[in-house]
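Okay, so the sequence shown: first residue is 765 according to this note's numbering, each after it adds one.
Glycine included, every Cβ here is placed at the ideal spot set by N, Cα and C.
Before any comments, here is the structure.
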Amino acid sequence: MKEMDTLLANDIDATDGKSKYDAQVKKVLANKIILAWILKYTVREFFEFSIFDIEKCIEGTPEVAKVPVDTGLSNMESIEGLNTEDAIPNEGKITYDIKFYVMLPDGEHTKIIINIEAQKDSEPGYDIVTRAVFYCARLLSSQLGKEFTNKTADKVKYDGIKKVYSIWICMNSRQNAKDSIVEYHMQPNVLYGNPSKSSRYDLLSAIMIHLGGDELVSENRLVNMLTTLLSSSIDKEKKRKKLQEEFEIPMSIAFKQEVEDMCNLSGYVEEKGKAEGRAEGEMNIMILYNWLRENARDTEAEAVMKPENEELRSTLYKEYDEVKNKKLE
């Protein structure tokens, strides 16, 4: 692999390469132009606005992996400047990937709180939508004491609650979910009667963006842009050119460097994984070779060392495992 040409190369090792890559992905996604793209195609309140106008609605600097999800901690300070995190027993530190708020240009300065999550696997062993709904619930409840109160003297009380969105970018999705954007939100279902007043129920939305993979060209502009941005198979020069020319995303010096660092880290993680896979494979072959020699099966031992005998190795691996398992019984 070509030697990484940024300073990041100095502090990457086998144990934290992936975590550094994940952190860099969040950093790239937190650029306001990228956030504006995401809002344009997922947040209903912005469907009619240009990406340029949406970008101006993003207030302050988005918080990246700083605001804790856990109850009792996420409302300790105002949204601006919050820099706390929580260590949950058996779960580690749980923070929102990206959290920020927008002010709608509706004349009323309506405030909406947004959470963006970068999710590598859409099926991590549980239904990811339930986690997104939980994040929405936390985004709502953490507003108590900041955006609204439940005190008797407060006439507004819960009417001060701000709408929240939790938007999940799923990079590896099952085949029948790829190239799709799905919203989960509340809506009334009148069970009886004909009430005339519509209550303010539209307070949360969980949105899943399922990318299509490098081989698929989506008809959706956002899916295409994010696939290009997060692809590990597109080199950094081609990626920058495509983002700038096809999606009209300006390449500032800072953003250009962030994308380059992400590409470099992606390549490092991929090469490291291949190298570790090769090393593990070589170690397994040597274990098999020594076992065969110990059992006076020299001809087979010599054969498993030849690259073309993959089928033989597979058969002998199974035999080796069966023998070892019987000894453990």
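Asked	Found
Rounded C-alpha distance that separates D1052 from Y1084	Note on identity: in this sequence residue 1052 is Leu, with Asp being the wrong assignment. Using only the alpha carbons, I get a separation of about 7 angstroms.
Short Cβ contact (8 angstroms threshold) for I973 with I1017	no
Status (buried if at least 16 other CB within 10 Å, exposed otherwise) for Y805	buried
Span separating the alpha-carbon of V1098 from that of P888	Given that the chain is displayed from residue 765 to residue 1093, the structure contains no residue 1098 and the question cannot be resolved.
Environment of T859 [buried if 16+ CB atoms lie within 10 Å]	buried
C-alpha distance - L1056 paired with E1064, whole-angstrom precision	7 angstroms
Per DSSP, cross-strand counterpart(s) of E827	K863
Beta-carbon proximity check, F912 vs Y922, cutoff 8 angstroms	yes
Helix, strand or coil at Q883 according to DSSP, with G and I counted as helix	strand
Within the segment 885 to 972, ranges of the beta strand (DSSP E) (whole runs, at least 3 residues)	927 to 936 and 944 to 949
Reference K926, options N1048, S995, D966 and A896, closest by Cα	D966
Bridge partner(s) assigned by DSSP for K875	M867
A896 burial status per 10 Å Cβ neighbour count (16 or more: buried)	buried
Inter-residue spacing [alpha-carbon to alpha-carbon] between Y956 and M1015	56 angstroms
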